[in-house]
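Protein chains: 4
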Amino acid sequence: MMTKYSFMDDYSEGCHARILEALAATNLEQQVAYGDDLYSLEAKGFIQEMVGDQNACVHFVAGGTLANLITISRALRPHDAVISAETGHIEMRETGAIEATGHKILTVPAKDGKLTPSLIQTVLDKNAHFPHMARPKMVYVSNATELGTLYTKQDLTAISALCRDKNLLLFVDGARLGAALSAQKNDLELSDIYELTDAFWIGGTKAGALIGEAIVVRNSDIAEDFAFCIKQRGALLAKGRLLGLQFRELFKDGLYFELTKKANRQAAQISEAVTSAGFELAAITETNQIFPILPDSLIEKLSERFQFYNWGAAEEGHSTLRLVTSWATEENQVEELIKQLKA
Amino acid sequence: MMTKYSFMDDYSEGCHARILEALAATNLEQQVAYGDDLYSLEAKGFIQEMVGDQNACVHFVAGGTLANLITISRALRPHDAVISAETGHIEMRETGAIEATGHKILTVPAKDGKLTPSLIQTVLDKNAHFPHMARPKMVYVSNATELGTLYTKQDLTAISALCRDKNLLLFVDGARLGAALSAQKNDLELSDIYELTDAFWIGGTKAGALIGEAIVVRNSDIAEDFAFCIKQRGALLAKGRLLGLQFRELFKDGLYFELTKKANRQAAQISEAVTSAGFELAAITETNQIFPILPDSLIEKLSERFQFYNWGAAEEGHSTLRLVTSWATEENQVEELIKQLKA
Amino acid sequence: MMTKYSFMDDYSEGCHARILEALAATNLEQQVAYGDDLYSLEAKGFIQEMVGDQNACVHFVAGGTLANLITISRALRPHDAVISAETGHIEMRETGAIEATGHKILTVPAKDGKLTPSLIQTVLDKNAHFPHMARPKMVYVSNATELGTLYTKQDLTAISALCRDKNLLLFVDGARLGAALSAQKNDLELSDIYELTDAFWIGGTKAGALIGEAIVVRNSDIAEDFAFCIKQRGALLAKGRLLGLQFRELFKDGLYFELTKKANRQAAQISEAVTSAGFELAAITETNQIFPILPDSLIEKLSERFQFYNWGAAEEGHSTLRLVTSWATEENQVEELIKQLKA
Amino acid sequence: MMTKYSFMDDYSEGCHARILEALAATNLEQQVAYGDDLYSLEAKGFIQEMVGDQNACVHFVAGGTLANLITISRALRPHDAVISAETGHIEMRETGAIEATGHKILTVPAKDGKLTPSLIQTVLDKNAHFPHMARPKMVYVSNATELGTLYTKQDLTAISALCRDKNLLLFVDGARLGAALSAQKNDLELSDIYELTDAFWIGGTKAGALIGEAIVVRNSDIAEDFAFCIKQRGALLAKGRLLGLQFRELFKDGLYFELTKKANRQAAQISEAVTSAGFELAAITETNQIFPILPDSLIEKLSERFQFYNWGAAEEGHSTLRLVTSWATEENQVEELIKQLKA
């Protein structure tokens with residue numbers, strides 16, 4: 043147990059109480075193994091309904107790196123590469139997981155961590171020397187991005203149009219998709235993302251589940267035989283019920299978005315406190331991450347009571363912090379933090 | 043929910059009640075992510091104590107295929123192959139997961155699914171054409187085997203001696219290690235297995251956990267940097283606490299072996315009922331799997347009430363079934379099954 | 043230089059004199075790199091003509107293991123496996139090259155090294171447990187086989203029909219395709235093989251070239267982007283002219299089959315000498331490999347003058363040899379060998 | 043055959059006449075296959091002598107991408123990455139070959155294509171987030187670089203010292219090592235490179251051979267079992283004699299460096315003509331590549347007679363060309379080119 047209250051990330055606690063209740067309530071029901079249990083079927087149904095396609099291919103896996111490596115290696119042929127922002131999770135935080143499946147990541151610096159059609163075109167232009175360069179074949183974006191920023195419907199539509207024009211696949215990493223879709227500025231729905239992409243995933247781990255991400259595949263070439271790839275990469279749980287049950291609970295009545303909205307709201311409150319106290323933000327607060335630039339003396343004081351990441355020195359005598367709220371963040375801790383910020 | 047009572051496998055239910063209680067009790071404690079939580083540290087401590095080495099390298103992953111593919115690909119160099127019985131799980135039930143990491147499996151037919159020094163030597167002899175054949179470098183055995191049979195201390199010691207003599211690594215798949223160590227005929231302890239092997243894993247999924255296997259590595263070359271490989275293959279859970287907590291609960295006071303013994307006892311009861319009713323067994327019952335050869339008429343009757351695998355026709359008018367008991371198998375269902383067998 | 047005359051293999055000498063002459067004649071002509079030279083284009087044209095498709099996809103690589111690993115990994119998706127006889131070159135003599143690209147080989151014992159529809163069906167039946175087993179997707183056969191035996195047109199047609207029925211790809215390793223097509227019993231032509239398969243290759247190394255194999259792909263899914271895969275696996279030679287020129291020379295006027303026929307004829311002569319001297323053959327002589335069973339005393343005598351493989355003890359006081367003839371085998375050495383056999 | 047004289051690259055012709063003569067002279071000598079022929083042994087001896095270690099591990103392969111992918115994948119463990127300049131051949135011109143073996147390339151922009159200790163340190167600092175990032179484990183440099191620039195003894199010594207301090211492996215791509223070591227400014231010898239690195243290779247293809255690169259490994263961990271990896275990646279030629287004979291010829295009396303010096307001299311002559319005619323160079327001419335910036339009218343005139351790469355627009359009305367000389371470049375063509383430059 044941590045001795046100070048943590049705003050370090052959105053996965054420091056267990057899961058929402060309703061998930062624990064559902065686990066307890068169903069614990070001794072016998073279910074078919076390997077994801078063919080009733081809970082998984084129901085959860086798939088809820089997701090199919092949200093994306094507007096009863097036949098959408100939906101699979102549950104335990105974590106985000108699995109979701110990424112399974113989908114990308116399923117979709118690509120040996121000579122295909124995937125395009126990512128330099129800050130992309132597959133490039134920066136997955137220990138070469140994509141390369142370990144045999145594929146190159148082609149990166150490009152991207153403001154706010156967001157790819158654009160022109161950035162993608164730059165990568166295409168630089169990697170066109172047939173057959174001496176891996177073929178750019180897929181575009182990978184995260185929404186929200188690794189920097190907490192958002193893709194608007196216009197952003198994603200433009201990328202999708204380029205992809206279809208250039209015969210590229212489009213894949214969205216949704217580790218924090220809940221936070222994105224619950225943002226004030228968001229104008230995307232799950233059905234839009236389904237329509238605009240070839241595959242994406244909906245993160246559970248950072249939105250109230252114990253573990254679990256839901257991969258949704260629209261492209262039938264990728265969807266075909268997807269279960270083989272899940273099994274081959276070690277992601278097919280004997281007790282798939284554990285994943286299915288959590289997503290059933292999160293999606294049966296909107297709990298999922300209730301939780302991500304709540305985290306965003308708390309982030310907005312903290313963000314507002316920062317600026318109203320006269321401090322600056324290193325990045326606009328769009329989801330559940332706040333990047334305040336604070337005087338080092340205040341940071342020292344805050345750290346007596348709270349845990350958070352210090353992203354390094356900013357202007358003289360100041361540093362940038364990263365604070366993250368979540369489904370589990372306590373209201374009174376937010377209040378206390380705000381009090382200290384304003385003091 | 044299944045409509046008949048199932049003896050199909052040992053992963054049809056959730057988890058032991060104590061695990062659910064522990065999850066609830068700790069749910070909102072904030073813990074460090076990625077396996078550095080206190081529960082995981084405690085669970086590792088219990089395992090280190092059982093294997094008799096406070097510095098034993100222990101890691102938790104969600105499932106058995108991950109445990110196998112991570113450990114094997116961590117241990118082998120590109121040109122190395124792993125030796126397995128033809129019935130080995132990595133050969134028969136993992137969708138080419140080992141090959142997907144680049145390594146060949148060299149198989150040999152093995153009575154009762156058990157490798158022996160002479161079978162291993164056969165593989166060495168057949169694969170010695172340098173440099174035209176992949177180099178046999180690791181021996182993979184499962185205990186209990188995929189057929190429910192056991193390795194004795196003498197068996198494993200002989201294999202270990204050959205491995206050390208021939209510079210081979212020895213790796214034990216322990217998906218049902220609990221069942222093995224709880225068997226009446228067993229004379230191995232965890233500390234023996236640790237001593238005799240380079241790495242092995244202890245299965246939680248089939249012994250009362252929701253998910254989870256504990257990989258234990260003695261060989262320091264393999265142990266070094268193991269965490270990188272766990273992360274690279276997508277097996278590092280943000281909420282590693284889920285795995286740690288379950289193993290803490292299973293190992294803190296012997297619950298794990300209590301559960302596996304109970305399943306073995308029920309299997310023995312059913313097995314005895316089969317033979318005392320005058321029927322034969324296709325394989326001796328050593329752990330929690332029973333392979334009765336029953337008249338088809340009786341099978342038809344049993345299947346009105348129970349679910350199980352039919353392994354195919356045996357002598358005229360008979361078939362072989364596979365029945366599996368588990369930590370969750372209900373006593374009254376065992377009694378009812380025995381009653382019908384004896385009727 | 044060897045001190046005794048060698049019948050060990052068909053790659054102990056350099057290349058046919060005409061290839062050396064062509065190399066010298068064209069040496070200082072400047073040519074476009076990476077296989078786009080005029081000689082490669084001409085050679086492709088000759089092959090396209092022989093297979094009866096002007097648009098056939100043809101690529102040259104330096105060796106057989108490259109031809110196999112490039113084509114197989116190009117054709118398969120991550121979860122796909124390739125079916126081979128237990129004696130297949132990819133299984134027995136390529137150091138896990140196919141597995142190193144991520145794919146499982148599913149093997150089956152095969153009389154004379156030849157697959158049949160029923161053997162293939164056996165593999166399909168044994169590997170049907172979705173999604174727990176790699177999906178059988180390609181059939182690999184060698185013609186001539188690793189044991190020197192042949193596929194007839196009827197054999198290959200039956201396999202091809204099964205493959206198309208079961209949605210399997212068919213791939214022929216042609217390391218000794220010249221020997222096969224030049225055999226007395228052969229009734230296949232290159233155009234048949236093209237028609238019946240998805241891809242195959244024509245071996246140059248064992249038929250008079252210095253190095254080089256010609257991969258021919260009929261299946262357009264595999265043919266697409268094939269050049270990327272050749273480059274990615276390190277097989278795209280800067281001076282692709284070296285490969286193209288040799289195949290141009292071998293195929294422009296039938297030299298290739300002249301050479302393979304000559305080797306087969308010499309093998310037939312030796313084989314006849316063996317039997318007419320009263321000795322037995324371990325396998326019928328169909329191509330350029332002879333497997334005589336000789337008295338050890340005779341073997342000792344032969345080995346004073348000749349080199350060959352001793353395949354091990356046969357009946358009492360006898361052993362089985364493997365003798366190989368080639369485009370370069372000297373007539374007087376064949377005569378001397380025959381003389382000693384008959385003595 | 044090209045219609046204009048080509049300065050496009052150093053692999054447009056066949057090979058030096060002495061190699062053709064040696065091929066003819068030895069053609070029908072029977073030799074042991076797979077690189078154990080006498081010519082390969084002799085060639086290895088010459089190289090071992092030059093690097094000053096009679097036990098140096100030397101292997102021959104057909105091309106540079108094979109040399110790179112075999113050595114890098116042999117040396118690295120699954121979670122290891124290789125550091126390269128952004129312009130490195132493995133990053134820019136090998137179609138993801140390194141990633142196809144499972145390893146990430148960590149790149150850094152590098153002036154003149156040259157890595158330095160501080161650039162390498164930058165990569166180490168950026169990739170230190172254990173275990174979420176692939177571990178930087180090897181440094182890859184090309185000498186001469188892809189831009190024709192050189193590493194001095196001081197440069198390479200500094201990199202080597204950092205590598206040993208940080209437990210990194212150092213690997214030199216020597217596709218144009220001959221050009222580098224023959225440069226006027228060069229102060230490195232083969233024995234220095236051997237001493238300072240863990241492995242490197244000596245390019246034959248661009249220095250008068252038909253095909254072939256010689257991999258030299260000093261690090262015994264990498265050298266061990268190297269032959270398996272050569273075979274597994276498809277690079278073990280049945281007629282290894284073809285590679286060995288060429289290197290024997292190139293190294294038995296200094297032909298290799300004679301040829302690379304001659305190409306460098308021609309490049310210097312052209313370079314001097316460029317500057318004495320009043321034109322600028324985009325990069326200093328250190329080896330056999332010249333990058334003149336010429337008026338477009340002059341370029342148009344030159345292109346009536348010569349072929350070369352146009353690297354794109356420079357200052358107004360000018361473009362940058364790449365001209366390459368080689369062992370085969372004709373003196374009279376150089377003279378004609380110089381005449382046109384000066385006209």
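Protein chains in written order, with our numbering: chain E, 43 to 385; chain Z, 43 to 385; chain X, 43 to 385; chain W, 43 to 385.
Glycine residues also receive a C-beta, built at the ideal position from the N, C-alpha and C atoms.
Assign T45 (chain W) to buried or exposed, taking buried as 16 or more other Cβ atoms, counted over all protein chains shown, within 10 Å of its Cβ. As a working mapping, residue 45 (chain W) is identified with position 3 in the fourth sequence. Looking at its Cβ environment, which holds fewer than 16 other Cβ atoms inside 10 Å, T45 (chain W) is exposed.
Residue from X:L157, X:G245, X:E55, X:L192 whose Cα sits closest to the Cα of L204 (chain X): By one-based count along the third sequence, residue 204 (chain X) stands at place 162. Checked all of X:L157, X:G245, X:E55, X:L192; the closest Cα to L204 (chain X) is X:L157.
Which full runs of the beta strand (DSSP E) of 3+ residues lie inside the region 223-311 of chain X, going along the chain? The qualifying runs are 241-245, 255-259.
Residues, ordered as in the chain, of the region 342-360 of chain W that lie near chain E by beta-carbon distance below 9 Å: Under the 9 Å Cβ criterion, the region 342-360 of chain W contributes no residue.
Proximal residues to T164 (chain Z) (C-beta, below 7 Å), its chain only, five neighbours per side dropped: Position 122 of the second sequence, counted from the start, is the residue given in the question as residue 164 (chain Z). Only V150 meet the Cβ criterion.
Rounded to whole angstroms, what's the CA-CA distance from L223 (chain X) to D215 (chain X)? Just pull it up for me. By one-based count along the third sequence, residue 223 (chain X) stands at place 181. By one-based count along the third sequence, residue 215 (chain X) stands at place 173. A direct Cα-to-Cα measurement between L223 (chain X) and D215 (chain X) gives close to 13 Å.
Once you ignore the five residues that flank D51 (chain W) on each side, which residues in its own chain have a CB closer than 7 Å to its CB? Taking the fourth sequence and counting its residues from 1, the one referred to as residue 51 (chain W) is at position 9. Here the set comprises V366.
Could you tell me which uninterrupted alpha helix (DSSP H) segments, each at least 4 residues in length, are contained entirely in the region 44-112 of chain W, listed from first to last along the chain? At a cut-off of 4 residues, the continuous stretches assigned as alpha helix (DSSP H) that sit fully inside the region 44-112 of chain W are 59-68, 80-93.
Tell me whether the beta-carbon of R218 (chain W) lies closer than 8 Å to the beta-carbon of K248 (chain W). Position 176 of the fourth sequence, counted from the first residue, corresponds to residue 218 (chain W). Position 206 of the fourth sequence, counted from the first residue, corresponds to residue 248 (chain W). Yes. Within cutoff.
Contact under 8 Å by Cβ, G359 (chain W) with Y298 (chain W): As a position in the fourth sequence, residue 359 (chain W) is number 317, starting the count at 1. As a position in the fourth sequence, residue 298 (chain W) is number 256, starting the count at 1. Using a Cβ distance threshold of 8 Å, G359 (chain W) and Y298 (chain W) do not count as a contacting pair.
Strand pairing of R364 (chain E), partner residues [DSSP]: Mapped onto the first sequence, residue 364 (chain E) falls at position 322. In the DSSP secondary-structure assignment, R364 (chain E) is bridged to E:Y351.
As assigned by DSSP and simplified to three states, the class of I341 (chain E): As a working note, residue 341 (chain E) is residue 299 in the first sequence. Judged by DSSP in its simplified three-state form, I341 (chain E) adopts helix.
Distance CB(H174 (chain W))-CB(R135 (chain E)) smaller than 8 Å: Here residue 174 (chain W) is taken as the residue at index 132 of the fourth sequence, counted from 1. Here residue 135 (chain E) is taken as the residue at index 93 of the first sequence, counted from 1. Yes, they are a contact pair.
At the level of alpha carbons, what is the spacing between D154 (chain W) and K227 (chain W)? Taking the fourth sequence and counting its residues from 1, the one referred to as residue 154 (chain W) is at position 112. Taking the fourth sequence and counting its residues from 1, the one referred to as residue 227 (chain W) is at position 185. For the pair D154 (chain W) and K227 (chain W), the Cα-to-Cα distance works out to about 15 Å.
How is A322 (chain E) classed by DSSP in three states: helix, strand or coil? The residue you call residue 322 (chain E) lines up with position 280 of the first sequence. Residue 322 (chain E) is actually Glu in this sequence, not Ala. When DSSP states are grouped into helix, strand and coil, E322 (chain E) belongs to the strand group.
So M134 (chain W) is in the alpha helix (DSSP H); what residue range does that whole segment cover? In the fourth sequence, the residue the question calls residue 134 (chain W) occupies position 92. 131-134 is the span of the alpha helix (DSSP H), which, as asked, contains M134 (chain W).
For K179 (chain Z), does the three-state DSSP call read helix, strand or coil? If you number the second sequence from 1, residue 179 (chain Z) lands on position 137. Looking at K179 (chain Z) - three-state DSSP - the assignment turns out to be strand.
With 16 other CB atoms within 10 Å as the buried threshold, where does H171 (chain W) fall? Here residue 171 (chain W) corresponds to residue number 129 of the fourth sequence, with the count starting at 1. Exposed is the call here.
Ignore the nearest five residues each way along the sequence and tell me which others in L53 (chain W)'s own chain have a CB closer than 8 Å to its CB. The residue labelled residue 53 (chain W) in the question sits at position 11 within the fourth sequence. Here residue 53 (chain W) is Tyr; the residue named in the question, Leu, does not match the sequence. Its chain contains T247, K248, S368 as the residues whose beta carbon lies nearer than 8 Å to that of Y53 (chain W), once the 5 sequence neighbours on both sides are disregarded; these appear in chain order.
So, does the CB of K273 (chain W) fall closer than 8 Å to a CB anywhere in chain Z? Counting from 1 along the fourth sequence, the entry for residue 273 (chain W) is found at position 231. Yes, its Cβ sits closer than 8 Å to a Cβ of chain Z.
Comparing C-alpha positions only, which one of Z:L65, Z:A85, Z:G56 sits nearest to D79 (chain E)? In the first sequence, counting from the first residue as 1, residue 79 (chain E) sits at position 37. It is Z:G56 whose Cα lies nearest to the Cα of D79 (chain E).
Please state whether the Cβ-Cβ distance between E188 (chain X) and H145 (chain X) is less than 8 Å. Against the third sequence, residue 188 (chain X) aligns to sequence position 146. Against the third sequence, residue 145 (chain X) aligns to sequence position 103. If you check the CB distance, E188 (chain X) and H145 (chain X) do not come in under 8 Å.
Is the beta carbon of N352 (chain Z) sitting closer than 8 Å to the one on I341 (chain Z)? On the second sequence, position 310 is the one that residue 352 (chain Z) refers to. On the second sequence, position 299 is the one that residue 341 (chain Z) refers to. For N352 (chain Z) and I341 (chain Z), yes; Cβs fall inside 8 Å.
Compute the Euclidean distance between the alpha carbons of G286 (chain X) and F102 (chain X), then round it to the nearest angstrom. For the purposes of this step, residue 286 (chain X) is identified with residue 244 of the third sequence, where counting begins at 1. For the purposes of this step, residue 102 (chain X) is identified with residue 60 of the third sequence, where counting begins at 1. Roughly 7 Å separates the two Cα atoms.
Count the other CB atoms within 10 Å of the CB of I253 (chain W); is the residue buried (16 or more) or exposed (fewer)? Residue 253 (chain W) sits at position 211 when you count from the first residue of the fourth sequence. When all chains shown are included, I253 (chain W) counts as buried.
Give the interface partners of M175 (chain W) over in chain E, defined as CB-CB distance under 9 Å, in chain order. Within the fourth sequence, numbered from 1, the residue matching residue 175 (chain W) stands at position 133. In chain order: M134, R135, E136, T137, G138.
For T149 (chain X), the three-state DSSP class (helix, strand or coil): Counting from one through the third sequence, the residue named residue 149 (chain X) turns up at place 107. Strand, per DSSP.
Check whether the region 116-125 of chain W and the region 176-186 of chain W are in contact - that is, three or more C-beta pairs closer than 8 Å. Under the 8 Å Cβ criterion, the region 116-125 of chain W counts as touching the region 176-186 of chain W, having at least three qualifying pairs.
Given that G144 (chain E) touches chain W, what residues does it touch there, using C-beta distances under 9 Å? Residue numbering aside, residue 144 (chain E) sits at position 102 when the first sequence is read from its first letter. Contact of G144 (chain E) with chain W by beta-carbon distance below 9 Å involves G138, E141, A142, T143, G144.
Using DSSP's beta-bridge definition, name the partner residues of I201 (chain Z). In the second sequence, residue 201 (chain Z) corresponds to position 159, counting from 1. According to DSSP, which records beta bridges pairwise, I201 (chain Z) is partnered with nothing at all.
Counting contacts by CB-CB distance shorter than 8 Å, is S318 (chain X) in contact with chain E? Position 276 of the third sequence, counted from the start, is the residue given in the question as residue 318 (chain X). With a threshold of 8 Å between beta carbons, S318 (chain X) makes no contact with chain E.
Proximity test, Cβ basis, 8 Å: D54 (chain X) and chain W: Position 12 of the third sequence, counting from 1, holds the residue named residue 54 (chain X). With the sequence shown as reference, residue 54 (chain X) is identified as Ser, and Asp is not the correct amino acid for it. It does: the Cβ of S54 (chain X) has a partner Cβ on chain W nearer than 8 Å.
Partners in chain X for P120 (chain Z), counting only beta-carbon separations shorter than 9 Å: Looking up residue 120 (chain Z) in the second sequence gives position 78. The contacting residues are G138, A142.
When DSSP builds the beta bridges, which residues end up paired with Q331 (chain W)? To locate residue 331 (chain W), count along the fourth sequence from 1; it is residue 289. According to DSSP, Q331 (chain W) bridges with W:V366.
Taking all protein chains shown into account, do 16 or more other C-beta atoms lie within 10 angstroms of the C-beta of D20 (chain W), making it buried, or fewer, making it exposed? With chain W covering only 43 through 385, there is no way to say anything about residue 20 (chain W).
T194 (chain W) to L230 (chain W), Cα distance in whole Å? Indexing the fourth sequence from 1 puts residue 194 (chain W) at position 152. Indexing the fourth sequence from 1 puts residue 230 (chain W) at position 188. Roughly 7 Å separates the two Cα atoms.
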